[in-house]
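To start, the structure itself, in structure tokens.
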Amino acid sequence: MDHETGMPSDGSCAERDHQALEPRCKVFMSHSGAQKSFVEQLCLDVERCDRVPFFDKRRESLPIGEHFPSLIFQAIQQSQVGVLILSKEFFTRTKWPMLELVAMMKLKLRNPNFRIIPVFLGISHTQCRDEANQGQWLSLWRNWAQCDSRINLQEWTKALQVFGSTNGISYNEMGEVKCREEIVEAICKLVPLDTKWDDSHVQGRSRFCKEIRNKIDEASLSKTYGVQVVGLYGVGGIGKTTICKALCNEFLPEFYGKVHHLELESSNEVELIRAMLKRLTDTRHDILGTLSFDQCYNLLKRDLCKRKVFVTIDNVYNEKTIEQAKAYLKARYGPGSIVIVTSRSLGLLQNLKIDEKNCIEMPELEEDEAKSIFLYHAELEDDVDEEFIMRCVERCYFGKGGGRGYHYHPLALKVLGTQVGYESEPCNLQFDEVDVFNQLREKKHPIFSILRKSFDTLLLEDQLLLMDAALFYPERSFFSREWEPINIFDWLSMMHGISVDIVKKRLLVLKKKSLLEDLGDGSSDIGMHDLWREFCVMESRAGEFQCQRWIYEDINSPNDRTRVESSLGGGGWENLQKICLMANHWAFGMVTGLEVSFNNCSNVTVLKLQGVVMEDGVLDVGLLKHLKSMECIDMRTTEDYQVEVVGLGVLKHLVVLIWDGIPTDSQSVDEIGWLRNLQVLQLHSSLEYNNVPNLSKLSLLRHVVIDQFNNVNRIAGLNARMSNLRYMDIRCCKSLRSCPGIDDLVSLQELNLSRCTKLREVPSLEMLQRLRKLNIFYCGLLEALPGLGGLVGLQELRVIRCMKISEFPNMSNLINLQLFKIEECPVKTLPGLDDLVSLQNLVVCECAKLERLPDMHKLIRLEFIDISYCPKLREIWEGVNRPRACEELAADFHGLPQLETLKLDWIVFELPDLSIFPRLKKLHLQSCGRVTSLTCSAPLTALEVLRLQYCWSLKDLPDLSRFERLRKLKMSNCGMSLQDVHEIEVLMARCNVSMV
1 MDHETGMPSD GSCAERDHQA LEPRCKVFMS HSGAQKSFVE QLCLDVERCD RVPFFDKRRE
61 SLPIGEHFPS LIFQAIQQSQ VGVLILSKEF FTRTKWPMLE LVAMMKLKLR NPNFRIIPVF
121 LGISHTQCRD EANQGQWLSL WRNWAQCDSR INLQEWTKAL QVFGSTNGIS YNEMGEVKCR
181 EEIVEAICKL VPLDTKWDDS HVQGRSRFCK EIRNKIDEAS LSKTYGVQVV GLYGVGGIGK
241 TTICKALCNE FLPEFYGKVH HLELESSNEV ELIRAMLKRL TDTRHDILGT LSFDQCYNLL
301 KRDLCKRKVF VTIDNVYNEK TIEQAKAYLK ARYGPGSIVI VTSRSLGLLQ NLKIDEKNCI
361 EMPELEEDEA KSIFLYHAEL EDDVDEEFIM RCVERCYFGK GGGRGYHYHP LALKVLGTQV
421 GYESEPCNLQ FDEVDVFNQL REKKHPIFSI LRKSFDTLLL EDQLLLMDAA LFYPERSFFS
481 REWEPINIFD WLSMMHGISV DIVKKRLLVL KKKSLLEDLG DGSSDIGMHD LWREFCVMES
541 RAGEFQCQRW IYEDINSPND RTRVESSLGG GGWENLQKIC LMANHWAFGM VTGLEVSFNN
601 CSNVTVLKLQ GVVMEDGVLD VGLLKHLKSM ECIDMRTTED YQVEVVGLGV LKHLVVLIWD
661 GIPTDSQSVD EIGWLRNLQV LQLHSSLEYN NVPNLSKLSL LRHVVIDQFN NVNRIAGLNA
721 RMSNLRYMDI RCCKSLRSCP GIDDLVSLQE LNLSRCTKLR EVPSLEMLQR LRKLNIFYCG
781 LLEALPGLGG LVGLQELRVI RCMKISEFPN MSNLINLQLF KIEECPVKTL PGLDDLVSLQ
841 NLVVCECAKL ERLPDMHKLI RLEFIDISYC PKLREIWEGV NRPRACEELA ADFHGLPQLE
901 TLKLDWIVFE LPDLSIFPRL KKLHLQSCGR VTSLTCSAPL TALEVLRLQY CWSLKDLPDL
961 SRFERLRKLK MSNCGMSLQD VHEIEVLMAR CNVSMV
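Residues in the sequence shown are numbered from 1 upward in steps of one, following UniProt numbering.
Structure representation (structure tokens):
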């Protein structure tokens, strides 16, 4: 810090009471004042990344009238990073920069997690270490010390050692803007976002957190998982999720931001684990988007074992979430980590091998806290009668069951508060002294009576919408299928006959009334509290059968089966509109099938059947004349045959048909071609079926999947009238030879052809100008992709294991292509690759005949390159040992300023000077037997990971100690050992080095 006045005469640096230091400052900026304008702009850049710096020229850092020395040293103590803006003036202009540096060095001894970032702005690293310079500074410091007893020359001299062991950022010739970018990027990696959930309204927060902290303190290390694992249990809606978020806020400083709340089933499995990796590791966010769950899980296990983290695994309540929780618990967390697991029961936590002594029941609300929650959501006027308020609060006081007493239920308070808030005259709301909210007399979940009051106020159309969103929409995935899910907003639009915009508006109304939590974008489930979802299940069973509009049954026991047959065995009833029956015949081994009839179900619009065992081998849906959505997944007979579905041809209103498990002798598939209103068609036949429906009359189709029709040799009926078709996936049709009409689908946005092993040709794709994704996998006889070169709008192209495609079309016009992946194709060249100016990801693997890659200097957006097992590529690098050849090689790659990952496997040529990849972060070389050295004329300042495996001829590496950000070096089976690596001791002190 620049303080020309020096230190106060009393020399005291003790912290003063009532100081106004901003507690969120995690970055301390130390400078001499000579670079004031640079530091001011740097602070703005840091703040734009949501990190708060301490800068002495700002009043929020040093408020007027405060004792500034103590504020400065207090700021250093609470910082996670100290940034030294170095120049000659840093050591000679004023005492303060060195006083701050000494304070930082002392802090680093006490706290190894504290980091110092030297920025060599007006002075070089060498000049800082120069003994002559240090001698001059020491002479000046002696004069200062005569007037200031606080200056300890021994400590000051020792502090200079930081320039020998700490990597820094050198201004050099990179320019001011680039230098600031490098500093900000380094800070962002060391200082996590100080983002917290808003828990200001959480009643009992401090008390709850203290009780759970006490349990954590007394909990022993888990013998199963090796870290502290604490279980938190309580009924749904009691506040476990809320307190988990509050605990994350509580532990945020202690764990340096490495905290994460993992709410199971709040999103799909891949998105959940990606979010966890983003929060707890340094994995690049854009790379995560390309990884599968297994790849992400492997990264999680690899990285977490070295990190001290705080994780809450929330919402363990069924078999699926138990398995998910087990996987995350086994991810191997670093020493000192703490894991909280929440569930609705102690038994589920014990199933996860969490000791009962390490479990705690969710703390209970006190009466004043319950009252505050109710008032927060009710937003009542000041003159509302206190007695009325307390009567409302008391209605949310429920028995726990099993004689364990009573408690206030936060969700009940929220729902009732919101409901009362909607009343124009809440005090006139009448309460039945005997049984107001528990109209259904539910002993297990009396809160449902409160939810019912909100539900009953909805219009019928909104009740139907809520029930669909909770229970009846098509599954995201089933039985490991990887079909593209239907957007839930689109499905609701089809079912309710309204536009997607109106669907969203009506869902927003439900959200405002606390019935929904999060709408999302339609690609995943709509967020809904578990109790609301359970309420919807209960509502589907409420009242007399003849009055019910819904049937929803998860048939896992004989009692469930009896209930279904009682309702559908007699043919149903006219009020019935939605039916969902699900079972798992493998898990429960049912040998007695269901007997159902739809004789009186003429008003049913949604039929959803999954894994159900039927007594009869035929399911007649012909009487469901108003059916709009039908989902039949793996229906079986008691003898384990697939169930035939008959009567499809008369379902004139059907818009969604998903049929997985079509019998070999089915006579109904052809009838699908009569359903002119069909918009979504997904068909899967796991047996040798001979035919698919003729699609010529289905002009409204938007989404088509044809899966595993092994004996079908032709998809018939694709035509130009299908102007709405956006997505088409044809897979595992092993006898398919042609797909006429694909060239007429001008609105198509994604086309997937996979494992059609006898497919020899496809029509010209040139007219598909709206196509964004094209995936051709394992089509071994396909010889060409005509028209590919004209798909200007294409963004992703994958061609994998098409062993007859020996010539690739010219791709010069694919100027919007961002991802290109080609594997196991016998191509010799990739014409036009050099013109793909939008390309970001390039993967070329196992193309054994590929002889050359075009000049790539125009591909300035490339971020990822993977070239593997292309042995003939050596011809392009002939003569690389000649200077001219090396220049040509460098020219080919020069101008790839965005390249961050370079993976090369089984290449037979030397590499160019690596300094032409200024942003390279990861370099992987494997089985590159001809590579003898890695040259780098300038340090790779961005490189973080270097992996060298089976590079037997490798004898020389650049000075890796100059690669300031290198954090992982792995060498195995190479031509040199760690002892041959320059400055290996320096490397081992700062990064993970392994040698096999």
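Don't be surprised by glycine CBs; every beta carbon is placed ideally from N, CA and C.
- Annotation for residue 240: the continuous alpha helix (DSSP H) segment containing it runs 240-251.
- The continuous stretches of alpha helix (DSSP H) do not include residue 905, which lies in the beta strand (DSSP E) extending over residues 901-905.
- In the structure shown, residue 825 adopts coil according to DSSP, grouped into three states.
- Under the three-state reduction of DSSP output, residue 136 falls in the helix class.
- Listed as beta-bridge partners of residue 583 by DSSP are 555.
- Shown here, residue 840 sits in coil according to DSSP, grouped into three states, outside any helix or strand.
- Burial state of residue 547 is exposed, judged by a 10 Å Cβ sphere holding fewer than 16 other Cβ atoms.
- Between residue 838 and residue 867, the gap from beta carbon to beta carbon reaches 8 Å or more.
- In this chain, the beta strand (DSSP E) harbouring residue 118 covers 115-120.
- Check the Cα spacing between residue 288 and each of 98, 507 and 270: the tightest is with 270.
- Judged by DSSP secondary structure, residue 187 falls outside any beta strand (DSSP E) and instead within the alpha helix (DSSP H) spanning 176-190.
- One Cα belongs to residue 398, the other to residue 550, and the distance between them is close to 28 Å.
- In the displayed model, residue 312 falls within a strand according to three-state DSSP.
- Residue 775 is bridged by DSSP to 752 and 798.
- Each residue's CA atom was taken as its position, placing residue 818 and residue 796 some 6 Å apart.
- Residue 741 is not a Cβ neighbour of residue 766, given a cutoff of 8 Å.
- Only exposed fits residue 897, as fewer than 16 other CB atoms lie within 10 angstroms of its CB.
- The region 130-144 and the region 175-192 do not touch, with fewer than three beta-carbon pairs separated by less than 8 Å.
- Counting only runs of 3+ residues, the beta strand (DSSP E) found wholly inside the region 318-406 occupies 338-343, 359-361 and 397-399, in chain order.
- For residue 365 and residue 574, the gap between their C-alpha atoms comes out near 46 Å.
- Judged by pairs of C-beta atoms under 8 Å, the region 511-525 does not touch the region 388-397, as fewer than three such pairs exist.
- DSSP places residue 157 in the helix class (H, G or I) of the three-state scheme.
- Here residue 712 is buried, its C-beta having at least 16 other C-beta atoms within 10 Å.
- Within the DSSP bridge table, the entry for residue 233 names 343 and 361 as partners.
- Closest by C-alpha distance to residue 522, out of 486, 498, 768 and 505, is 486.
- Contact between residue 230 and residue 215 holds: their C-beta atoms lie close to 6 Å from each other, under 8 Å.
- Shown here for residue 725: same chain residues with a beta carbon closer than 7 Å to its own, the five before and five after excluded, namely 701, 702, 704, 745, 747 and 748 in chain order.
- Taking a contact to require three or more Cβ pairs closer than 8 Å, the region 640-658 and the region 500-508 do not qualify as touching.
- Taking residue 237 as the centre and dropping the five residues before and after it, the same chain places the C-beta of 409, 410, 411, 412, 447, 529, 530 and 531 closer than 8 Å to its C-beta, in chain order.
- Within the same chain, Cβ atoms closer than 6 Å to the Cβ of residue 967 are found at 944 and 991, the five residues on either side in sequence being excluded.
- The three-state reading of DSSP puts residue 82 in strand, counting E and B together.
- Per DSSP, residue 491 lies in no beta strand (DSSP E) segment; the continuous alpha helix (DSSP H) that holds it begins and ends at 488-496.
- Note on geometry: alpha-carbon atoms of residue 632 and residue 960 lie some 60 Å from one another.
- Secondary-structure assignment with DSSP links residue 990 through no beta bridge to anything.
- Annotated three-state conformation of residue 451 is helix, per DSSP.
- If you look at residue 620, you'll find it in the beta strand (DSSP E) that goes 618-620.
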